[in-house]
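If you're matching them up, the sequences are chains W and G in order.
Quick note on numbering: our numbering labels position 77 of the first sequence as 310, and the sequence is numbered without any gaps.
Quick note on numbering: our numbering labels position 56 of the second sequence as 59, and the sequence is numbered without any gaps.
Just below is one structure, and these are the notes that go with it.
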Amino acid sequence: MQFLYPDTAMPFVQPQIPTLRLPLRVGVAFVPAGAPGGRGFSHVQANFTEQQKTDLMRKVAGQFKALPFVQSIEIIPATYLQPGGGFTNLDQLRAMLGIDVIALIAYDQAQTSTDTEASIAYWTIVGAYVVPAQAQATHTLMEAVVYDIPSRSLLFRAPGTSTVKGHATLLRNTSELRKDSAQSLEEAAAQMSANLAQELELFKVRAREEPGLVKIEHRPGYTGGGSLDAGYALLLVVLLGTAAVRSLNRNNHG
Amino acid sequence: MLGSPTRPIMNFLRVPLLLFTLPAALIAFAPARQELFLLDREAVAAGQVWRLWSGHWVHFSTSHLVWNLAVLFATGVWLERLRPGLLLRHTLLAAPLIGVGVLAFEPALQRYGGLSGLATGAVVLLALHQVRASGSSRWLWAGVLALVAFKVVGETQRGGSFFAGYDSESIRTSTTAHAAGAVAGLLHYSVRRFAGSRFLKMTPPGPVTDSRRQGSGHYP
């Protein structure tokens with residue numbers, strides 16, 4: 234939200250009914266990192282390396298690529314998006330890369346580390362090395378939102394969450410938190426990918442059943458296929474077969 | 004049995020096999036040659052009018068081919084059993100009609116392929132014949148006509164299936180082809196029924212009578 238609507242003083246952009254021109258050209262990008270939060274949680278710059286981000290974007294791109302109505306996928310480098318860039322930034326990407334739809338991936342992670350009763354062992358000094366008296370919790374939220382850029386419409390979103398809890402010694406507190414961060418990001422990414430696949434299927438069904446939700450056009454120069462749906466074809470074959478059997482029975486008895 | 008001593012079953016299978024199954028299957032196994040047969044707007048405008056017929060043989064995925072052939076083969080066998088030669092005549096007339104209809108009513112369409120338009124027309128033609136001819140199964144054939152009408156009208160209003168399973172992302176189902184096929188079937192039936200044209204009543208030579216070849220059941 235901070236990326237798309239950075240200035241609360243600006244008038245709200247009313248989204249219109251999106252018009253999707255098939256085949257689609259989709260962009261995938263990570264939202265630039267936002268400001269740190271508060272309220273007792275430590276919002277960490279999570280251990281999400283650029284390589285991991287690229288791997289996740291490739292995975293998301295692969296899910297879109299499997300769709301027959303997607304022509305191309307652009308993985309957009311982080312440097313192309315500005316913090317708080319908003320729809321202006323997306324319009325620039327649309328003009329530069331020719332994309333119609335963009336999948337924005339954002340994540341947030343908060344970690345806590347609190348002393349348990351066993352931390353009394355720290356008085357022995359040795360206890361700080363051997364007693365896992367630090368209770369850790371890592372909460373990660375990752376979300377992919379798919380927007381139609383021209384109409385500013387949210388097409389669908391797919392969340393992924395993860396909570397990793399554990400204990401660590403005082404000495405190893407930081408390193409365990411780093412490991413938990415990486416594990417939590419992976420779990421949230423996996424859940425987000427699974428939900429994204431589900432949401433894509435639901436979107437296809439909704440677009441077909443609710444024409445008011447989205448308008449679909451085809452770009453000039455498309456290829457038309459004369460195709461009978463499997464269900465309809467099967468039904469016709471069954472009806473023809475039934476008529477044939479009735480005709481044969483009539484001929485045999487007649 | 005579907006066949007009889009005077010009319011072996013191969014007589015009914017021959018035309019659908021040679022007219023649709025074999026060419027469509029051969030082209031499916033030679034995708035590099037598809038461009039020669041595909042109904043292409045610019046190629047037709049340049050004079051390659053054979054594509055109005057050959058374009059129907061081209062398919063873009065296995066399921067596209069299989070389901071079209073399933074319906075057209077079943078309908079074609081029945082039509083051949085009913086009126087030998089009717090399927091061939093219908094195909095010769097309906098194929099260019101469907102092609103022209105698709106090019107005219109979908110101006111953004113550049114290329115077209117698939118047998119579903121012909122399949123729709125053949126089903127309509129068969130069902131109209133059977134509604135008139137058959138007694139107790141009339142309701143069944145009326146149901147077939149209703150199903151086709153529902154499909155064609157529904158597709159036209161909804162704009163077709165946008166997410167059909169083709170092998171390429173730039174292919175969409177042409178609903179105009181189904182509507183044009185249905186119209187072609189209706190027209191063909193109407194002309195046969197009401198115009199009484201001598202040309203359309205001509206049938207291929209049938210079983211020869213009053214000769215030594217009587218009862219052979221084979222065309223000479």
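Note that the Cβ used here is the ideal one computed from N, Cα and C, for glycine as well.
Is residue i helix, strand or coil when you go by DSSP?
i	result
SER177(G)	coil
GLY157(G)	helix
PHE263(W)	strand
ILE250(W)	coil
PHE138(G)	At residue 138(G) the sequence reads Gly, which differs from the Phe that was named. Note: GLY138(G) maps to coil in three-state DSSP.
ILE308(W)	strand
PHE165(G)	The pLDDT assigned to PHE165(G) is 45, lower than 50, so where the model puts this residue is not dependable; a value taken from the coordinates is nonetheless given after this. DSSP places PHE165(G) in coil when its eight states are reduced to three.
HIS451(W)	strand
ASP341(W)	strand
PRO11(G)	coil
ALA299(W)	coil
ASP462(W)	coil
LEU314(W)	coil
ALA336(W)	strand
THR475(W)	helix
LEU289(W)	helix
GLY457(W)	strand
ARG84(G)	helix
THR24(G)	helix
LEU446(W)	coil
Determine, for residue i, whether the minimum Cβ-Cβ distance to residues of chain W falls below 8 Å.
i	result
VAL18(G)	no
VAL147(G)	yes
ALA33(G)	no
ALA49(G)	no
GLY88(G)	no
LEU131(G)	no
GLY191(G)	Note on residue identity: the sequence assigns His, not Gly, to residue 191(G). Cβ-Cβ to chain W under 8 Å: no for HIS191(G).
VAL93(G)	Checking the sequence, you will find His at residue 93(G) rather than Val. Output row for HIS93(G): interface = no.
PHE40(G)	no
TRP70(G)	yes
SER66(G)	yes
LEU55(G)	no
LEU85(G)	no
LEU22(G)	no
LEU25(G)	no
LEU150(G)	yes
Strictly below 8 Å CB to CB, what residues from chain G border residue i?
i	result
VAL470(W)	ALA73, VAL74 and ALA77
ARG479(W)	SER139, SER140 and LEU143
Could one say the Cβ of residue i lies closer than 8 Å to chain G's Cβ atoms, at least one of them?
i	result
THR252(W)	no
GLY458(W)	yes
ALA268(W)	With a pLDDT of 46 at ALA268(W), under the threshold of 50, the predicted position of this residue should be treated as unreliable, and no value is reported.
PHE274(W)	Residue confidence for PHE274(W) is low, a pLDDT of 39 falling below 50, so the modelled location carries little weight and cannot support an answer.
ALA476(W)	yes
LEU337(W)	no
LEU255(W)	yes
PHE297(W)	no
What residues from chain G crowd round residue i, counting only those whose CB sits closer than 7 Å?
i	result
SER386(W)	Those do not exist, as SER386(W) stays about 17 Å from chain G at its closest Cβ, beyond 7 Å.
TYR465(W)	LYS154
LEU473(W)	ALA77, THR78 and TRP81
HIS372(W)	Correct list: empty, because the minimum Cβ distance to chain G is about 36 Å.
PRO453(W)	ALA111
Can you pull the chain W residues whose beta carbon is under 9 Å from the beta carbon of residue i, in chain order?
i	result
TYR115(G)	THR456, GLY457, GLY458 and GLY459
VAL105(G)	GLY457 and GLY459
ALA46(G)	The premise fails here: ALA46(G) is roughly 13 Å from chain W at the closest Cβ pair, so nothing lies under 9 Å.
PHE63(G)	THR456, GLY458 and SER460
Can you list the residues of chain W that residue i reaches, using a CB-CB cut of under 7 Å?
i	result
ILE12(G)	By Cβ distance, chain W contributes nothing, its closest Cβ being about 12 Å from ILE12(G), past 7 Å.
THR176(G)	GLY458 and SER460
VAL126(G)	LEU469
ALA122(G)	LEU461
Are the Cβ atoms of residue i and residue j separated by less than 8 Å?
i	j	result
SER417(W)	SER395(W)	yes
LEU72(G)	GLU83(G)	no
ASP333(W)	ASP381(W)	yes
SER460(W)	SER119(G)	yes
ASP341(W)	ALA366(W)	no
LEU55(G)	LEU42(G)	yes
TRP60(G)	PRO19(G)	no
GLU409(W)	GLN344(W)	no
Could you name the residues of chain W that residue i contacts, counting a contact when the two beta carbons are closer than 8 Å?
i	result
LEU118(G)	GLY459
GLU109(G)	GLY457
ALA180(G)	GLY457 and GLY459
ALA98(G)	What ALA98(G) touches in chain W: nothing, since even the nearest Cβ is about 11 Å away.
* Asked: At which residue ranges does the segment 356-441 of chain W contain complete beta strand (DSSP E) runs of 3 or more residues, listed in the order of the chain?
  -> 367-381 and 386-401
* Go through the segment 93-150 of chain G residue by residue and report every complete run of the alpha helix (DSSP H) that reaches 4 residues or more, in order. => 119-136
* Hey, which unbroken runs of the beta strand (DSSP E) at 3 residues or more fall wholly within the segment 37-71 of chain G? -> none
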